[in-house]
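*Asks:*
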Amino acid sequence: MKMKIVLACLVTALFAFQADGQGFVNKLKQKADEAASKALEKKAKEKVGINDDDNNQTPDASGSPSENASQNRNRPTNKGGGGLVATPPDVNQNLSDAETSYKAGSYGEARYAVQQAMLGVEMQIGQKVLESMPASVSGLDKVGEADQVTSSGYGWAGLTIHREYLKGDKQLTTTVANNSAMMTAVNMYLANGGYAQTTNGEQNWKQTKVKGHKAIIEYDDSSGYKLTVPLGQTSLIMWEGVNFTSEQDIMAAANSFDIDGIKKMLGEK
Amino acid sequence: MKKISIICFIIAASTIARAQDFNKNIADARSSYSSGNLEAARFAMQQMLTDLDMAIGREVLKMLPEKMGALASNSANDNVTSNTGLAGVIIHRDYGAGNKAYNLDLMGNSPLVASINAILSIPFMGNSGDGTQKIIRVEGYKAMLQKSVDETTKQTDYTLQVPIGSTLLTFTAPNTTEEEMVKMANTIPLSRITKMIQ
Numbered sequence: 000m001k002m003k004i005v006l007a008c009l010v011t012a013l014f015a016f017q018a019d020g021q022g023f024v025n026k027l028k029q030k031a032d033e034a035a036s037k038a039l040e041k042k043a044k045e046k047v048g049i050n051d052d053d054n055n056q057t058p059d060a061s062g063s064p065s066e067n068a069s070q071n072r073n074r075p076t077n078k079g080g081g082g083l084v085a086t087p088p089d090v091n092q093n094l095s096d097a098e099t100s101y102k103a104g105s106y107g108e109a110r111y112a113v114q115q116a117m118l119g120v121e122m123q124i125g126q127k128v129l130e131s132m133p134a135s136v137s138g139l140d141k142v143g144e145a146d147q148v149t150s151s152g153y154g155w156a157g158l159t160i161h162r163e164y165l166k167g168d169k170q171l172t173t174t175v176a177n178n179s180a181m182m183t184a185v186n187m188y189l190a191n192g193g194y195a196q197t198t199n200g201e202q203n204w205k206q207t208k209v210k211g212h213k214a215i216i217e218y219d220d221s222s223g224y225k226l227t228v229p230l231g232q233t234s235l236i237m238w239e240g241v242n243f244t245s246e247q248d249i250m251a252a253a254n255s256f257d258i259d260g261i262k263k264m265l266g267e268k
Numbered sequence: 000m001k002k003i004s005i006i007c008f009i010i011a012a013s014t015i016a017r018a019q020d021f022n023k024n025i026a027d028a029r030s031s032y033s034s035g036n037l038e039a040a041r042f043a044m045q046q047m048l049t050d051l052d053m054a055i056g057r058e059v060l061k062m063l064p065e066k067m068g069a070l071a072s073n074s075a076n077d078n079v080t081s082n083t084g085l086a087g088v089i090i091h092r093d094y095g096a097g098n099k100a101y102n103l104d105l106m107g108n109s110p111l112v113a114s115i116n117a118i119l120s121i122p123f124m125g126n127s128g129d130g131t132q133k134i135i136r137v138e139g140y141k142a143m144l145q146k147s148v149d150e151t152t153k154q155t156d157y158t159l160q161v162p163i164g165s166t167l168l169t170f171t172a173p174n175t176t177e178e179e180m181v182k183m184a185n186t187i188p189l190s191r192i193t194k195m196i197q
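Written as C-alpha cells, this is what we have:
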C-alpha cells in the first residue's frame with residue numbers, strides 16, 4: 000500500500016516537472032524567436048535607413064513589440080517616382096522593325112512591331128479627335144487632366160477617347176469609341192427601336208437625331224441623360240449628362256461637337 | 000515529275016504573292032502615315048496583321064505531323080483563317096475520314112484558355128474521380144485530356160486541350176485509346192509552335 004502511494008507521488012511529480020519543463024522550454028523558444036526577429040528587423044532598418052528611436056516606444060500589453068506595427072514599419076511607402084512617360088510608340092521605327100522581322104521569318108516579332116505601330120497611330124488619331132472637340136460646352140469648361148486616349152493596338156479591341164466638361168454639379172462626359180463592341184448593342188436598339196418603344200410603359204429612351212445622325216437618347220433619374228450616336232460601321236460617340244435640365248439642354252450640348260469631322264478622322268463612311 | 004514541278008511552282012508563286020501583299024501594305028502604311036492620313040495608315044496596318052497571321056498559320060501547318068497514328072493528313076483541308084477580330088487566327092488540319100477522323104485546331108485569343116488554365120493550375124480540379132478528365136504533360140506543357148464513352152457503342156473518344164499563351168490547341172481523336180492518344184499528342188511539336196505564334 001505504502002509502495003503504491005510512493006509510486007503515485009512519483010508519477011505525479013514527474014508529470015508536474017515535465018509540464019513545467021515544457022513550459023520553460025516554450026518560453027525559452029519564444030524569447031529566442033523574439034530576439035532573432037528583433038535582430039533581423041534592426042538589420043533591415045539599418046539597410047533602408049529608418050531611424051530606430053521609436054522602436055521601443057510601442058510595446059503592446061504583453062511587453063513585446065506589436066506584430067502588426069513591426070510589419071508595417073518593415074514596408075517602406077512610396078514617396079513618388081515620377082510615374083511613366085506617356086510616349087506613344089515610334090510608328091516609323093516599328094514599321095522598319097516589322098519589315099526586318101518579316102524578311103527574317105520572325106513573324107511573331109513582326110506582328111508585335113505592327114501592333115506597336117498601330118498603337119502609335121491610334122494614339123495620334125485620339126489626340127486629333129480631342130483637339131477637334133470644343134473647349135467649353137453649354138457653359139461647362141473642359142477638365143484638361145481628364146482627357147484620355149486608350150488603345151490596345153490590336154485593331155479590334157478598340158480605340159477609346161474620353162473628355163469631361165464640368166461646372167459645379169453639372170457634368171458632361173464624352174466618349175468616342177472606335178471598333179467598339181458597344182456598337183452591336185446600339186445597332187440592335189436602332190434596328191428594333193419601334194418595337195421596344197411601343198412596349199415600354201415608361202419612356203426612358205427614344206430615337207432621335209443629332210446633326211442629321213440617327214441617335215438614341217436615354218434618361219435615368221440616378222445617372223441623368225445618355226445620348227449615343229453611331230458613326231459609320233464601327234464607331235460611336237456618346238454623351239452622358241449629369242444635372243442637365245432637359246432633353247433640349249443635352250441635345251444642344253451634343254450639337255456643339257463636329258460629329259462629321261470626328262467620323263472622318265476615324266475613317267468611317 | 001511534271002506534276003511535282005507544277006505544285007512546287009504554284010506554292011512558290013503563292014508565297015511570293017503573299018510577301019507582295021505584306022510589302023504593299025507596309026508601303027501603303029508608310030506613305031499614308033507620312034502624308035498624315037492616319038486612318039488609312041491604320042487600315043494598312045490591320046491588313047499587315049492579317050498577312051502576318053496567315054504567314055504564321057502556314058508556318059504552323061508546315062510543322063504539324065503529316066500522320067497521326069496510322070492516319071494521314073488531308074492536306075486539302077488544311078486551313079488558316081485570320082480574323083482581325085476577337086477570335087484571332089484559326090489553324091486547322093484533319094487526319095483520316097469517316098468515324099476515324101482526327102481534328103487538330105489552334106485558335107488564337109481563345110475564350111476557353113482562361114478556364115483551362117485555371118483547371119490546370121489547381122491540382123484537385125484537373126483529375127476527375129471517374130477518369131473522364133486528367134492532366135497530362137505533352138512535351139513539358141500541361142494539357143487537359145478528356146475521355147468520353149458512348150453508352151451504346153462503347154466507343155471511347157478523346158479530346159486534348161493545350162493552352163499556349165492566349166492560343167488553344169485542341170486535338171480530338173474518336174475511337175482510340177489513352178495510350179495511343181498520348182503517343183500521338185507527343186508528335187505535335189509544341190515548343191516550335193509556341194515559338195512561332197508568340
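Sequences listed follow chains A and B, in order.
When we follow numbering that gives the first Met the number 0, the leftmost residue of the first sequence carries the number 0, and every step to the right adds one.
When we follow numbering that gives the first Met the number 0, the leftmost residue of the second sequence carries the number 0, and every step to the right adds one.
From the three backbone atoms N, C-alpha and C, an ideal C-beta is built for every residue, glycine too.
#1: Less than 9 Å separating the beta-carbons of Arg41 of chain B and Met117 of chain A?
#2: Does the separation of the CB atoms of Val136 of chain A and Ile160 of chain A fall below 9 Å?
#3: In angstroms, rounded to a whole number, what distance separates the CA positions of Lys205 of chain A and Ile258 of chain A?
#4: What separation, rounded to the nearest whole angstrom, lies between the Cα atoms of Pro188 of chain B and Gly240 of chain A?
#5: Quick one: grab the DSSP three-state call for Lys268 of chain A.
#6: With three or more beta-carbon pairs closer than 8 Å as the criterion, would you say the region 112-120 of chain B touches the region 73-83 of chain B?
#7: Using DSSP with H/G/I as helix, E/B as strand and the rest coil, what is Gln126 of chain A?
#8: Would you list, in chain order, the members of the region 133-154 of chain B that have their beta-carbon closer than 7 Å to a beta-carbon of chain A?
#9: Nearest to Glu198 of chain B by alpha carbon, out of B:Leu144, B:Ser190, B:Gly107 and B:Asn73?
#10: Looking at chain B, is there any beta carbon in it that lies within less than 9 Å of the beta carbon of Asp257 of chain A?
#11: Taking only beta-carbon atoms, is Ala39 of chain B less than 9 Å away from chain A?
#12: Going by DSSP in three states, Leu63 of chain B sits in which element: helix, strand or coil?
#13: Report buried or exposed for Gly20 of chain A, applying the criterion of at least 16 other Cβ atoms within 10 angstroms of its Cβ.
#14: Comparing alpha-carbon positions, which option in B:Asp156, B:Tyr32 and B:Ser165 lies nearest Lys99 of chain B?
#15: Would DSSP call Arg136 of chain B helix, strand or coil?
#16: Is Lys194 of chain B close to chain A, meaning its C-beta is less than 9 Å from at least one C-beta of that chain?
#17: Would you kindly work out how many angstroms separate the C-alpha atoms of Val231 of chain B and Ala71 of chain B, rounded to a whole number?
#18: Would Gln154 of chain B pass as a contact of Pro173 of chain B if the rule is Cβ separation under 9 Å?
#19: Using 9 Å as the threshold, is the C-beta distance between Leu60 of chain B and Ile90 of chain B below it?
#20: Is the Cβ-Cβ distance between Ala43 of chain B and Asn24 of chain B less than 9 Å?
#21: If you measure between the beta carbons of Ala145 of chain A and Glu130 of chain A, is that distance less than 9 Å?
#22: Contact criterion: CB-CB distance below 9 Å. Does Tyr32 of chain B meet it with respect to chain A?
#23: Going by the DSSP bridge assignment, what does Glu217 of chain A pair with across the sheet?
#24: If the criterion is Cβ atoms closer than 9 Å, does the pair Val113 of chain A and Ala97 of chain A meet it?
#25: Which whole-angstrom value is the C-beta distance of Asp140 of chain A and Leu165 of chain A, which I expect to be below 8 Å?
#26: Would you give the residue range spanned by the beta strand (DSSP E) that Asp104 of chain B belongs to?
#27: Could you list which residues in chain B have their beta carbon closer than 8 Å to that of Glu130 of chain A, in chain order?
#28: Within 10 Å of its beta-carbon, does Met47 of chain B have 16 or more other beta-carbons around it, so buried, or fewer, so exposed?
#29: If I measure Cβ to Cβ from Ser61 of chain A and keep anything under 7 Å in the same chain, skipping five residues before and after, which residues do I get?
#30: Would Asp93 of chain B and Asn73 of chain B qualify as a contact pair, given that the criterion is a beta-carbon distance under 9 Å?
#31: Listing by chain order, which chain B residues have their CB less than 9 Å from the CB of Ile236 of chain A?
#32: Assuming Asn108 of chain B and Gly87 of chain B are in contact, meaning their beta carbons sit under 8 Å apart, how far apart are those beta carbons, in whole angstroms?
#33: For Thr131 of chain B, tell me which candidate among B:Gly164, B:Ser147, B:Ile192 and B:Ala142 has the shortest Cα-Cα distance.
#34: So for Ser135 of chain A, helix, strand or coil by DSSP?
#35: Which stretch, first to last residue, makes up the beta strand (DSSP E) that contains Asp248 of chain A?
#36: Are the Cβ atoms of Asn242 of chain A and Gln147 of chain A separated by less than 9 Å?
*Replies:* In short:
#1: Counted from its first residue, the second sequence places residue 41 of chain B at position 42. Counted from its first residue, the first sequence places residue 117 of chain A at position 118. It is a contact, given that the beta carbons lie within the stated cut-off.
#2: In the first sequence, the residue the question calls residue 136 of chain A occupies position 137. In the first sequence, the residue the question calls residue 160 of chain A occupies position 161. The answer is no: Cβ separation not under 9 Å.
#3: Within the first sequence, the letter at position 206 stands for residue 205 of chain A. Within the first sequence, the letter at position 259 stands for residue 258 of chain A. If you draw a straight line from the Cα of Lys205 of chain A to the Cα of Ile258 of chain A, it comes to about 20 Å.
#4: As a working mapping, residue 188 of chain B is identified with position 189 in the second sequence. As a working mapping, residue 240 of chain A is identified with position 241 in the first sequence. Going from the Cα of Pro188 of chain B to the Cα of Gly240 of chain A covers about 56 Å.
#5: Against the first sequence, residue 268 of chain A aligns to sequence position 269. Lys268 of chain A falls in the coil class under three-state DSSP.
#6: No: fewer than three Cβ pairs fall under 8 Å.
#7: If you number the first sequence from 1, residue 126 of chain A lands on position 127. Residue state for Gln126 of chain A is assigned as helix, using DSSP reduced to three classes.
#8: Going along the region 133-154 of chain B in chain order, one finds no residue with a Cβ nearer than 7 Å to chain A.
#9: As displayed, chain B neither begins before 0 nor continues past 197, which places residue 198 of chain B out of reach and without an answer.
#10: Against the first sequence, residue 257 of chain A aligns to sequence position 258. By this cut-off, Asp257 of chain A is not an interface position.
#11: For the purposes of this step, residue 39 of chain B is taken as the residue at position 40 of the second sequence. Answer yes: the Cβ-Cβ gap between Ala39 of chain B and chain A drops below 9 Å somewhere.
#12: Residue numbering aside, residue 63 of chain B sits at position 64 when the second sequence is read from its first letter. Collapsing the DSSP output to three states places Leu63 of chain B in coil.
#13: For this step, residue 20 of chain A is matched to residue 21 along the first sequence. Model confidence at Gly20 of chain A stands at a pLDDT of 44, short of 50, so the residue's coordinates are unreliable; what they give is reported in the following sentence. Exposed, since its Cβ has fewer than 16 Cβ neighbours within 10 Å.
#14: The residue you call residue 99 of chain B lines up with position 100 of the second sequence. Closest option to Lys99 of chain B, judged by alpha-carbon separation, among B:Asp156, B:Tyr32 and B:Ser165: B:Asp156.
#15: On the second sequence, position 137 is the one that residue 136 of chain B refers to. Arg136 of chain B falls in the strand class under three-state DSSP.
#16: The count along the second sequence starts at 1 and reaches residue 194 of chain B at position 195. Residue contact with chain A for Lys194 of chain B: present (Cβ-Cβ distance below 9 Å to some residue of chain A).
#17: The requested residue 231 of chain B does not occur in the structure, where chain B is confined to residues 0 to 197.
#18: Sequence index remark: in the second sequence, residue 154 of chain B carries index 155 (1-based). Sequence index remark: in the second sequence, residue 173 of chain B carries index 174 (1-based). In contact: Gln154 of chain B and Pro173 of chain B (Cβ atoms closer than 9 Å).
#19: On the second sequence, residue 60 of chain B is found 61 positions in, with the first residue counted as 1. On the second sequence, residue 90 of chain B is found 91 positions in, with the first residue counted as 1. Between Leu60 of chain B and Ile90 of chain B, the C-beta spacing is below 9 Å.
#20: Sequence index remark: in the second sequence, residue 43 of chain B carries index 44 (1-based). Sequence index remark: in the second sequence, residue 24 of chain B carries index 25 (1-based). The answer is yes: Cβ separation under 9 Å.
#21: By 1-based counting over the first sequence, the position of residue 145 of chain A is 146. By 1-based counting over the first sequence, the position of residue 130 of chain A is 131. Not closer than 9 Å, so no.
#22: Position 33 of the second sequence, counted from the start, is the residue given in the question as residue 32 of chain B. Judged by the 9 Å Cβ criterion, Tyr32 of chain B is in contact with chain A.
#23: Here residue 217 of chain A corresponds to residue number 218 of the first sequence, with the count starting at 1. DSSP output for Glu217 of chain A lists A:Trp204 and A:Lys225 as bridge partner(s).
#24: Position 114 of the first sequence, counted from the first residue, corresponds to residue 113 of chain A. Position 98 of the first sequence, counted from the first residue, corresponds to residue 97 of chain A. Yes, these two residues count as a Cβ contact at 9 Å.
#25: Position 141 of the first sequence holds residue 140 of chain A. Position 166 of the first sequence holds residue 165 of chain A. Here Asp140 of chain A really is in contact with Leu165 of chain A; their C-beta atoms are around 7 Å apart, less than 8 Å.
#26: Numbered from its first residue, the second sequence carries residue 104 of chain B at position 105. Counting along the chain, the beta strand (DSSP E) containing Asp104 of chain B begins and ends at Lys99 to Met106.
#27: As a first step, residue 130 of chain A is located in the first sequence; it is residue number 131 there, counting from the start. Going along chain B, no residue has its Cβ under 8 Å from Glu130 of chain A, so there is no contact; the nearest lies around 13 Å.
#28: As a working note, residue 47 of chain B is residue 48 in the second sequence. Sixteen is the threshold: when 16 or more other Cβ atoms of the shown chains lie within 10 Å of the Cβ of Met47 of chain B, as they do, the residue is buried.
#29: Here residue 61 of chain A refers to the residue found at position 62 of the first sequence. In this prediction, Ser61 of chain A scores a pLDDT of 48, lower than 50, which makes its location untrustworthy; the coordinate-derived value is nonetheless stated afterwards. Around Ser61 of chain A: no qualifying Cβ.
#30: By one-based count along the second sequence, residue 93 of chain B stands at place 94. By one-based count along the second sequence, residue 73 of chain B stands at place 74. Against a cut-off of 9 Å, the Cβ pair of Asn73 of chain B and Asp93 of chain B comes out as a contact.
#31: Looking up residue 236 of chain A in the first sequence gives position 237. Those do not exist, as Ile236 of chain A stays about 16 Å from chain B at its closest Cβ, beyond 9 Å.
#32: As a working mapping, residue 108 of chain B is identified with position 109 in the second sequence. As a working mapping, residue 87 of chain B is identified with position 88 in the second sequence. Approximately 4 Å separates the beta-carbon atoms of Asn108 of chain B and Gly87 of chain B; this is inside 8 Å, confirming the contact.
#33: In the second sequence, residue 131 of chain B corresponds to position 132, counting from 1. Closest option to Thr131 of chain B, Cα to Cα, is B:Ser147.
#34: Counting from 1 along the first sequence, the entry for residue 135 of chain A is found at position 136. It is a strand residue.
#35: As a position in the first sequence, residue 248 of chain A is number 249, starting the count at 1. For Asp248 of chain A, no beta strand (DSSP E) run applies; the uninterrupted alpha helix (DSSP H) run containing it begins and ends at Glu246 to Asn254, by DSSP.
#36: Indexing the first sequence from 1 puts residue 242 of chain A at position 243. Indexing the first sequence from 1 puts residue 147 of chain A at position 148. A distance of 9 Å or more separates the beta carbons of Asn242 of chain A and Gln147 of chain A.
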